[in-house]
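Numbering (mature numbering (1 follows the signal peptide of the UniProt record, and there is no 0)), first residue to last: -19 to -1, 1 to 152.
This is how it looks when you write it as structure tokens:
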């Protein structure tokens, strides 16, 4: 029987431990608490999120609720990014009710309804180092639209984003 060298033995033990530690540091899980992301996510669904990526338009993110949209102290919300720094987000396109981002209509099949952009008219330029978020269930979502008249215009600081959702399953 061939003996394993000390270096190979250390590598065989250390590599899986390092890989596990990086996975724990990079990924997290959370449970969705309401229906604001329906039909995509539902209360009780479990999401896996990536802590290291930069959120992009269309991503679903978890973030600290600094604006108090949930009505609960220290809440973490799950919403979809509809605008990133520098984007101009407008509700809504005449006739279709779709959101406009930088002048272009956004197809959001997940939002559904006759006014997928929602019923609250707004025009906002997303500030640097922030994202602008909305729930897929526009009629039931407390999101960036509620704070468009506040100094931050409803934007969520990227520093408050806990992660980008990568997978989910029913709870």
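Each residue gets a CB set at the ideal place from its N, CA and C atoms; glycine is no exception.
Bear in mind that the values here come from a model prediction, so they are computed numbers and not experimental data.
Where residue 10 is concerned, the enclosing beta strand (DSSP E) starts and stops at 8 to 12. In this structure the segment 104 to 114 lies against the segment 130 to 142, because at least three pairs of beta carbons, one per stretch, are closer than 8 Å.
In the structure shown, residue 86 falls within a strand segment according to DSSP collapsed to helix, strand and coil. In this chain, residue 73 is not harboured by any beta strand (DSSP E), its DSSP state being neither H nor E. Rounded to the nearest angstrom, the Cβ distance from residue 44 to residue 146 is 11 Å, too far for a contact under 8 Å. Per DSSP, reduced to three states, the secondary structure at residue -9 is helical. Per DSSP, residue 95 has no beta-bridge partner at all. Residue 64 has 113 as its beta-bridge partners, per DSSP.
Among the bridge pairs identified by DSSP, residue 106 is matched with 69.
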